[in-house]
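Chains A and B, in that order, are what the protein sequence lines are. Just so you know, the working numbering puts 15 at position 15 of the first sequence, and the rest follows in order with no gaps. Just so you know, the working numbering puts 112 at position 112 of the second sequence, and the rest follows in order with no gaps. One structure is given here, and the rest of the page talks about it.
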Amino acid sequence: MIRFIEYLKENNHVVRYVLYSLIVAIVIWSLSVDTSHAHTWVEKHIPGFWSIFGFVSTIVLIFIARWYAGAGISREENYYDN
Amino acid sequence: MTTSCFFHPALILIIGAVFLPFIKAPFRKPYLMAVPILTFINVVYLGFNPGVYGQVDFLDWQLTFGRIDNLSNVFAFIMALMAIIGTLYGLHVKDGWQHMAAWFYVAGSLGAIYSGDYLSLFLFWELMAFASTFLIWFNKDEKDSTAAGFRYLLVHTFGGLLLLMGFVLRYQATGSIAFELLDYENAKLYTWLIMAGLMLNAAVVPLHSWLPDAYSKATITGAVFMCAFTTKTAIYTLARACAGFDILIVLGVAMAIYGIIYAIIENDIRRLLGWEIISQVGYMVAGVGIGTALAINGTAAHAFAHILYKGLLFMGAGAIIHMTGKKTFTNLGGLYKKMPVTMLFMIIGGVSVSALPFFSGFISKSIIIAASYEAHVIWAGMLLTMVSAGTFLVAGLRLPYLLFFGESRCDQSTLDKAADPPWNMQFAMLISGLLCFIIGTFYPILYALLPYQDIAFYQPYSAYHLSETLQILALTALGFMLFKNRIGARATINLDLDWLYRRGGMMFLWLAKNPVQWLDTMWGEAYRVVGLFSLMTTARFWGWFDWHAIDGLLDGSARGVRSFGRLLARILQRGQIQQTLGYTVSFVALLMIAFIWL
Numbered sequence: 001m002i003r004f005i006e007y008l009k010e011n012n013h014v015v016r017y018v019l020y021s022l023i024v025a026i027v028i029w030s031l032s033v034d035t036s037h038a039h040t041w042v043e044k045h046i047p048g049f050w051s052i053f054g055f056v057s058t059i060v061l062i063f064i065a066r067w068y069a070g071a072g073i074s075r076e077e078n079y080y081d082n
Numbered sequence: 001m002t003t004s005c006f007f008h009p010a011l012i013l014i015i016g017a018v019f020l021p022f023i024k025a026p027f028r029k030p031y032l033m034a035v036p037i038l039t040f041i042n043v044v045y046l047g048f049n050p051g052v053y054g055q056v057d058f059l060d061w062q063l064t065f066g067r068i069d070n071l072s073n074v075f076a077f078i079m080a081l082m083a084i085i086g087t088l089y090g091l092h093v094k095d096g097w098q099h100m101a102a103w104f105y106v107a108g109s110l111g112a113i114y115s116g117d118y119l120s121l122f123l124f125w126e127l128m129a130f131a132s133t134f135l136i137w138f139n140k141d142e143k144d145s146t147a148a149g150f151r152y153l154l155v156h157t158f159g160g161l162l163l164l165m166g167f168v169l170r171y172q173a174t175g176s177i178a179f180e181l182l183d184y185e186n187a188k189l190y191t192w193l194i195m196a197g198l199m200l201n202a203a204v205v206p207l208h209s210w211l212p213d214a215y216s217k218a219t220i221t222g223a224v225f226m227c228a229f230t231t232k233t234a235i236y237t238l239a240r241a242c243a244g245f246d247i248l249i250v251l252g253v254a255m256a257i258y259g260i261i262y263a264i265i266e267n268d269i270r271r272l273l274g275w276e277i278i279s280q281v282g283y284m285v286a287g288v289g290i291g292t293a294l295a296i297n298g299t300a301a302h303a304f305a306h307i308l309y310k311g312l313l314f315m316g317a318g319a320i321i322h323m324t325g326k327k328t329f330t331n332l333g334g335l336y337k338k339m340p341v342t343m344l345f346m347i348i349g350g351v352s353v354s355a356l357p358f359f360s361g362f363i364s365k366s367i368i369i370a371a372s373y374e375a376h377v378i379w380a381g382m383l384l385t386m387v388s389a390g391t392f393l394v395a396g397l398r399l400p401y402l403l404f405f406g407e408s409r410c411d412q413s414t415l416d417k418a419a420d421p422p423w424n425m426q427f428a429m430l431i432s433g434l435l436c437f438i439i440g441t442f443y444p445i446l447y448a449l450l451p452y453q454d455i456a457f458y459q460p461y462s463a464y465h466l467s468e469t470l471q472i473l474a475l476t477a478l479g480f481m482l483f484k485n486r487i488g489a490r491a492t493i494n495l496d497l498d499w500l501y502r503r504g505g506m507m508f509l510w511l512a513k514n515p516v517q518w519l520d521t522m523w524g525e526a527y528r529v530v531g532l533f534s535l536m537t538t539a540r541f542w543g544w545f546d547w548h549a550i551d552g553l554l555d556g557s558a559r560g561v562r563s564f565g566r567l568l569a570r571i572l573q574r575g576q577i578q579q580t581l582g583y584t585v586s587f588v589a590l591l592m593i594a595f596i597w598l
């Protein structure tokens, strides 16, 4: 297992291509899934809605967190020590 | 007066803890395992015999120590199971006090779950708070642990007082101390007080700051216990008393988002996991707020799954801290070569919390989301789904990436020390890892334990749910790959609402030290000069007269009492408030045994 991880670390592009092909496979398969029982309008009428939703959520969360940390929440580690 | 076949499981742990110091090797390790296993067997036995047991008349009230029904069963079952796993994980710990504190803590949790009235709930509630404080104080490696323990204790005392005020006011208004569903339509002040007291233990925003603070300072095994019991016991009590309170949906979703944002920027492993507890408990609080049968089932299922995978993550984090002595991402990284077994289990924990198909989060978290759609609270379902993307980002990707893959930020001595932990820690991780997988794959096992069995069963492995989850996970991974450097390791701490009492406390201390102390000194000086001298002279004369003349007549009994008092004080009061508290808690526990038994 360790050797396998080392191989992947040296060949970063392999990880990337595997991930890309997985994403494409998942999205294409999802387009074929029946959405008529979904709860909301967006799920029924936007193809691949949850892909868009997942991607946007991640970006939004990362940027909110970074902005929040930069807005004075992140402090030096000895902040409470004096 | 107890029913003949009822023996309270908490009693096994309390008695076991009291006798633990007298058990020496080679019997110590078997004994350590036997006590929680016996407790577990007792809980399972009670699970097959539902009913109301252990009713005791105390003054004007009837206390109920054993309310065994569907809701209390599933929570007691997982707590007792976690007690076994946690004790196994800490089997190598030589310090018997840590085991005792942990068992008292679990006893408090089981007692709270089985109690049918507010008074006994309150007793066990406080037992939990006190016992778990010791799990923080016993951490000798952390210089801040004493202060953190006091902060934890004070916050929980405050929460306990809210609960106490609430149920006393309720008793005054209704004449009942029965612990049952509160009336939301005619909510009074006491309803809100009880809810706030329970909410504090569930770490609901804004009463949450104690959690990451305390769990990152506790002992390694202590944190494994703490991550399971306090918040999930509170979820049980909320499900019992506050099911269907709309406001909890808002609060639950808020804490799910708040927790995940802090987890994204956190640098300390156990603080990150603590923030994620807040986020995950947010799902459960929202589930309680929705309050339908499906939602309560989802809450119970998610609490069950959560205890196992979060315990697993804390065990993995503890293994890393135990072996390397480092606890921040900025001092770790690239550990895959040194700790492959730990890595495997932490990834299992991470994908379980991220709801990857075949792991436990997949079949539990989705019930709550489905319940929110079914109850037409669409916004809550959407926001909780967004948080599950964040959960995968944090626990499934960021955590393993920063610890095991990525670049190594360890110094040479850390790398030399790093290795997989002792067998018992690995074994405990193996058990919970397997359970995460078994529950996720053979989900009817868990669903059969849920409180409402008469509703239509939720089907997690539908094509639609699979496609939804896989799309979110895959695209989250893409987002992580693109932006992983923005959420890398940074040597910072993040301020939270505990700033108010940590900095506020310092202000108070300054006030006490400077102006108030000055005034006090001045006053004392004036008093000494004017009043004390004459008073002391007279007192000295009468003291001499009493000691020599009167006590001499009465066979020196005062002297005897005084020397006995000194002896007692030498043993009991060593000036360490922690020890004094320890004696007090043990005394209360003994009293409780007496009450339940008689």
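Cβ atoms here follow ideal geometry from the backbone N, Cα and C, with glycine treated the same way.
heavy atom of the ligand ZN below 7 angstroms from residue i C-beta
| i | result |
| --- | --- |
| B/Phe225 | The ligand ZN is not part of the structure shown, which contains no ligands of any sort. |
Per-residue DSSP class, three states only, for residue i
| i | result |
| --- | --- |
| A/Arg75 | strand |
| B/Gln453 | coil |
| B/Asp411 | coil |
| B/Tyr23 | Per the sequence presented here, residue 23 of chain B reads as Ile, with Tyr not at that position. Correct three-state label for B/Ile23: coil. |
| B/Glu468 | helix |
| B/Asn424 | helix |
| B/Leu63 | strand |
| A/Asp34 | coil |
| B/Asp95 | coil |
| A/Tyr80 | coil |
| A/Thr40 | coil |
| A/Tyr17 | helix |
| B/Thr2 | Interpretation of B/Thr2 is limited by its pLDDT of 45, a score under 50 that renders its predicted location unreliable; the figure taken from the coordinates is listed afterwards. Coil, per DSSP. |
| B/Ile12 | helix |
| B/Asp496 | coil |
| B/Gln517 | helix |
Which listed residue (the options) has its alpha carbon closest to that of residue i
| i | options | result |
| --- | --- | --- |
| B/Asp141 | B/Leu475, B/Gly433, B/Gly325, B/Met506 | B/Gly325 |
| B/Asp420 | B/Ser413, B/Gly488, B/Thr342 | B/Thr342 |
| B/Gly108 | B/Ile14, B/Tyr452, B/Lys310 | B/Ile14 |
| B/Ala491 | B/Leu415, B/Asp498, B/Asp268 | B/Asp268 |
| B/Ala371 | B/Leu308, B/Lys337, B/Val285 | B/Val285 |
| B/Asn297 | B/Thr64, B/Val74, B/Tyr401 | B/Val74 |
| B/Gln55 | B/Val43, B/Phe48, B/Ile68, B/Gly47 | B/Ile68 |
| B/Ala300 | B/Leu446, B/Phe541, B/Gln412 | B/Leu446 |
| B/Leu162 | B/Tyr152, B/Phe122, B/Thr174 | B/Phe122 |
| B/Arg398 | B/Met507, B/Tyr336, B/Glu525, B/Gly350 | B/Gly350 |
| B/Ala293 | B/Glu374, B/Leu248, B/Leu356 | B/Glu374 |
| B/Ser72 | B/Leu88, B/Ile277, B/Val44, B/Tyr583 | B/Val44 |
Neighbourhood of residue i by C-beta distance below 8 angstroms, restricted to the same chain and skipping five residues each side
| i | result |
| --- | --- |
| B/Leu430 | Phe345 |
| B/Phe358 | Phe437, Gly440, Thr441 |
| B/Leu402 | Phe329, Leu332, Gly333, Gly488, Ala489 |
8 angstroms contact criterion, which residue i and residue j should meet: CB distance rounded
| i | j | result |
| --- | --- | --- |
| B/Gly252 | B/Gly282 | 5 angstroms |
| A/Trp50 | B/Gln471 | 4 angstroms |
| B/Leu308 | B/Ser364 | With a Cβ gap of about 10 angstroms, B/Leu308 and B/Ser364 do not count as contacting. |
| B/Ile78 | B/Phe304 | 5 angstroms |
| B/Asn494 | A/Ile73 | 5 angstroms |
| B/Leu497 | B/Ser209 | 5 angstroms |
| B/Ile220 | A/Leu61 | Actually they do not touch by this definition, with Cβ atoms about 30 angstroms apart. |
| B/Ala101 | B/Phe134 | 4 angstroms |
| B/Ser354 | B/Leu272 | That pair is no contact at about 14 angstroms. |
| B/Ala389 | A/Gly54 | 5 angstroms |
Nonlocal neighbours in the same chain, by C-beta distance under 7 angstroms from residue i, ignoring five residues either side
| i | result |
| --- | --- |
| B/Val204 | Leu251, Met255, Val285 |
| B/Ile37 | Ile84 |
| B/Arg409 | Thr330, Asn331, Leu332, Gly333, Ala489 |
| B/Ile41 | none |
| B/Ala131 | Ala101, Phe104, Tyr105, Gly108, Val585 |
Cβ shell of residue i (< 6 angstroms), same chain only, five flanking positions each side left out
| i | result |
| --- | --- |
| B/Ala295 | Gly287, Ala371 |
| B/Thr2 | With a pLDDT of 45 at B/Thr2, under the threshold of 50, the modelled position of that residue is not reliable, and no figure is offered here. |
| B/Thr191 | Leu182 |
| B/Phe138 | Gln98, Thr219 |
TODO: Just list the alpha helix (DSSP H) runs in the region 115-174 of chain B, keeping only unbroken ones of 4 residues or longer that don't cross its boundaries, in chain order.
DONE: Taking only runs of at least 4 residues, the alpha helix (DSSP H) segments lying wholly in the region 115-174 of chain B are 118-137, 145-174.
- [ ] List in chain order: all unbroken alpha helix (DSSP H) runs of 4+ residues lying wholly within the region 264-315 of chain B.
- [x] The region 264-315 of chain B contains these whole alpha helix (DSSP H) runs: 269-290.
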